[in-house]
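*Asks:* Let me give you the structure first, and then I'll get to my questions.
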Amino acid sequence: MITSVLSSQSIFAKQMLLTAGALSSLALMPPKNGRMLLVPVSATAEHGMIKLAIEQGALLVGPGPVPGSFVVQGERGRLWSAMLHAGVVATAAPSSGCGSDQEARP
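Under UniProt numbering, think of the first position of the sequence shown as 1, with each following residue one higher.
Below, the structure is given as structure tokens:
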């Protein structure tokens, strides 16, 4: 009986971890179209990140909260693959701390 209770608690804990992980992933998923935070994973990735974002049709918003990061406005479909290949992670840009309320600039 004790084993059964421990097993049930273990299953519940694992389900809660999976749920929390899934919700976190959804929160970080960049929008289909809108503001995204570009975070380079290396110094070499940071070097051409802004140029590549512009080439993919993104508009510059401003520096991001993470050193080397930048907030852009664009389409996930155009940015996602190009950024990953360049060593840049594109995430959803939280409204606080990511650029100003001004319009994006070309």
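For each residue, glycine too, the CB sits at the ideal point set by N, CA and C.
#1: From the DSSP output, in three-state form, read off GLY64 for me.
#2: Could you check whether ILE54 and PHE70 sit closer than 7 Å to each other, using their CB atoms as the reference points?
#3: Report the option in VAL72, VAL41 and ALA45 whose CA atom is closest to the CA atom of PRO31.
#4: Using only CA atoms, which one of SER81, ARG35, SER10 and MET29 lies nearest to GLY64?
#5: Relative to the alpha-carbon of GLY74, which residue among GLY68, ALA82 and PRO67 has its alpha-carbon at the smallest distance?
#6: For ALA58, which of ALA93, VAL41 and ARG76 has the nearest alpha-carbon?
*Replies:* Walking through what the data contain:
#1: Translated into positions along the sequence shown, residue 64 becomes position 64. In the structure shown, GLY64 sits in coil (DSSP, three-state: anything other than H, G, I, E or B).
#2: Stepping through the sequence shown from its first residue, residue 70 is reached at position 70. Stepping through the sequence shown from its first residue, residue 54 is reached at position 54. Not in contact: PHE70 and ILE54 (Cβ atoms no closer than 7 Å).
#3: For the purposes of this step, residue 31 is identified with residue 31 of the sequence shown, where counting begins at 1. The residue with the shortest Cα to Cα distance from PRO31 is VAL72.
#4: In the sequence shown, counting from the first residue as 1, residue 64 sits at position 64. The shortest C-alpha separation from GLY64 is found at ARG35.
#5: Counting from 1 along the sequence shown, the entry for residue 74 is found at position 74. By alpha-carbon distance to GLY74, the top candidate from GLY68, ALA82 and PRO67 is ALA82.
#6: Translated into the one-based positions of the sequence shown, residue 58 becomes position 58. Among ALA93, VAL41 and ARG76, the Cα nearest to that of ALA58 belongs to ARG76.
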